[in-house]
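Asker: For reference, the structure I am asking about is given below.
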Amino acid sequence: MRQWRSIAKEAVARASIVVKFLCFLHVTDSYLLSFSHVLGPSMLPTLNITGDVVLVEHLSHRTGKVGSGDLVLVRSPLDPRKTLTKRIVAMEDDKVTFSLDPTRNYSSRSLVVPKGHVWIQGDNLYASRDSRHFGPVPYGLIQGKVFLRVSCAILIAFGFVGKIDLRYLYLLELVIEETC
Amino acid sequence: MGTPSVLWSIANKCFTVGLITVTVSDRFASLVSVRGASMSPTFNPKTNTLLGSLSDDYVLVEKFCLKKYKFSHGDVIVFCSPYDHKEKHVKRIVGLPGEWVRTHYDVVKVPEGHCWVEGDNSASSMDSRSFGPVPLGLVNGRVTHILWPPHRVGSIDRKIIQHRVSPS
């Protein structure tokens, strides 16, 4: 009888450590930092078409510190199970001028972003479905702000800067400058 | 000698309890208080007894519906307001994506990924009739049970309104 009790106690102690660790992981993932794999052509040349691993922080959008020019992860208004990575071009009460089809210069529209919404656009206007198609997006759909591309950090850490192609250096500069 | 370690263990316990509470309320279920009369008589009905009008209703909100975002007509949901992400509203789903909803003057098609919500108390409810369809990504959970006041504890029924919605 005593043996079972001590085994049960040890099992509960071990299980509680696992539970605590999982809760810690969830809180860090939702409220602090998380990794995300983003792919697609809509953010060229900033992000790769074949995929990039980025570090996303979840503090700024909760405190309202997200603004124009930030790269954000947004839950898609067309399908809540998908997450999009786009850039905020305008915040609420800003005026936005855009053209649905950038290959034709003469068609453009303007509107004012309503309260509580943001206007998001992909950097690659020719291949991006964004606010120009589905309208301004409520601020509550923003999930986090992208602030680092992991490949950059790894490259810098290993000191490969000298061996990289010049094209990659340009991309590095672009990402650092646009995320700072 | 004993105090720092006692403080440390108390802090440790509080931290653990906090972590577990946050995880459970994000992933499983949470307790939300309903303010206002826009969902009368389901929540906060106007009563003449003292106990009935003392405090707001507390309801259980489940988060399992957020895995697949599959809702049905008549579900009561909690969602962030599209015009102020800090405010949360509790309303009932009347229209699902792709359906046509009949409003006072018009017939509106609910776009993909959105839903049409209305309060049970049509006379005093700010809902999709004023701010349009709500993106499903703003939904925080589905209300399943009333937990307070004790004489109204029970599960919430799905109330389907006839003649307002036509399928796609």
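In the order they appear, the protein sequences are chains D and F.
Just add 1223 to the spot in the first sequence (first one is 1) and you have this note's numbering.
Just add 641 to the spot in the second sequence (first one is 1) and you have this note's numbering.
In this text, a Cβ means the ideal position worked out from N, Cα and C, and glycines have one as well.
Given the structure is predicted, the values throughout are model-derived calculations rather than measurements.
Kindly give me the distance between the Cβ atoms of D/HIS1284 and D/LYS1368, rounded to whole angstroms, as I take these residues to be in contact under 8 Å.
Answerer: Their Cβ separation, rounded to whole angstroms, is 6 Å, which keeps D/HIS1284 and D/LYS1368 in contact under 8 Å.
Asker: What number of angstroms, rounded off, separates the C-alpha of D/ARG1327 from the C-alpha of D/TYR1349?
Answerer: For D/ARG1327 and D/TYR1349, the distance between alpha carbons rounds to 11 Å.
Asker: Count the C-beta pairs between the stretch 668–676 of chain F and the stretch 694–706 of chain F that are closer than 8 Å, then say yes if the count reaches three, no if not.
Answerer: With the cut-off at 8 Å, the stretch 668–676 of chain F and the stretch 694–706 of chain F touch.
Asker: Give the DSSP-derived three-state secondary structure of F/ILE801 in the structure shown.
Answerer: The answer is coil: DSSP assigns F/ILE801 none of H, G, I, E or B.
Asker: Put F/PRO808 into one of helix, strand or coil per three-state DSSP.
Answerer: Three-state result, F/PRO808: coil.
Asker: Secondary structure at D/HIS1249, three-state DSSP: helix, strand or coil?
Answerer: Note: D/HIS1249 maps to helix in three-state DSSP.
Asker: To the nearest whole angstrom, what separates the beta carbons of F/VAL675 and F/VAL731, a pair I think is in contact under 8 Å?
Answerer: Between F/VAL731 and F/VAL675 the Cβ distance is about 5 Å, and since that is below 8 Å, they are a contact.
Asker: By the 10 Å Cβ neighbour count, where 16 or more other Cβ atoms means buried, how is D/TYR1362 classified, buried or exposed?
Answerer: Looking at its Cβ environment, which holds 16 or more other Cβ atoms inside 10 Å, D/TYR1362 is buried.
Asker: Could you pull the start and end residues of the alpha helix (DSSP H) that D/PHE1357 belongs to?
Answerer: Here the alpha helix (DSSP H) through D/PHE1357 covers 1354–1357.
Asker: D/LYS1309 CB to nearest chain F CB: under 9 Å?
Answerer: With 9 Å as the cut-off, D/LYS1309 does not count as an interface residue toward chain F.
Asker: At a CB-CB cut-off below 7 Å, which residues of chain F make contact with D/VAL1250?
Answerer: By Cβ distance, chain F contributes LEU660, VAL663 and THR664.
Asker: Against chain C, with Cβ distances strictly below 9 Å, would F/LEU672 count as a contact?
Answerer: No chain C appears in this structure, whose protein chains are D and F.
Asker: Among F/LEU737, F/VAL700 and F/GLY778, which one has its Cα closest to the Cα of F/GLU759?
Answerer: For the residues F/LEU737, F/VAL700 and F/GLY778, the minimum Cα distance to F/GLU759 belongs to F/LEU737.
Asker: Counting Cβ pairs, one atom from each stretch, are 3 or more of them under 8 Å apart for the stretch 778–789 of chain F and the stretch 714–728 of chain F?
Answerer: A contact exists between the stretch 778–789 of chain F and the stretch 714–728 of chain F.
Asker: Restricting to runs no shorter than 3 residues, where is the beta strand (DSSP E) found entirely within the stretch 745–798 of chain F?
Answerer: Listed in chain order, they are 748–750, 755–759 and 780–789.
Asker: Determine contact between the stretch 756–771 of chain F and the stretch 1277–1292 of chain D, defined as no fewer than three beta-carbon pairs at a distance below 8 Å.
Answerer: In short, these stretches do not touch, since the Cβ pair count stays below three.
Asker: Please state whether DSSP places F/PRO645 in a helix, a strand or coil.
Answerer: Helix, per DSSP.
Asker: Just to confirm, is the Cβ distance from D/LEU1267 to D/VAL1277 under 9 Å?
Answerer: No, the Cβ-Cβ distance between D/LEU1267 and D/VAL1277 is not below 9 Å.
Asker: Classify D/LEU1294 as buried or exposed, calling it buried when 16 or more other Cβ atoms lie within 10 Å of its own Cβ.
Answerer: With 16 or more other Cβ atoms within 10 Å, it is buried.
Asker: Do you know how far the Cα of D/PRO1303 is from the Cα of F/GLU753?
Answerer: Their Cα atoms are separated by approximately 10 Å.
Asker: Nearest to D/SER1299 by CA position, among D/THR1320, D/ILE1240 and D/SER1354, is which residue?
Answerer: Residue D/SER1354 is the option with its Cα nearest to D/SER1299.
Asker: If we ignore side chains and look at the alpha-carbon of each, how far apart do D/SER1229 and F/THR662 end up?
Answerer: Their backbone Cα atoms lie some 28 Å apart in a straight line.
Asker: Suppose you measure from the CA of F/SER771 to the CA of F/ASN685; what does that come to, to the nearest Å?
Answerer: For F/SER771 and F/ASN685, the distance between alpha carbons rounds to 22 Å.
Asker: For D/TYR1362, report the span of its beta strand (DSSP E) as first-last.
Answerer: Run containing D/TYR1362: none; DSSP gives neither H nor E here.
Asker: If you drop the 5 nearest sequence neighbours on each side, which residues of the same chain put their C-beta closer than 7 Å to that of D/PRO1435?
Answerer: Missing from the structure shown is residue 1435 of chain D; chain D here goes from 1224 to 1403 and no further.
Asker: Determine whether the Cβ of F/HIS730 lies closer than 9 Å to any Cβ atom of chain D.
Answerer: Judged by the 9 Å Cβ criterion, F/HIS730 is not in contact with chain D.
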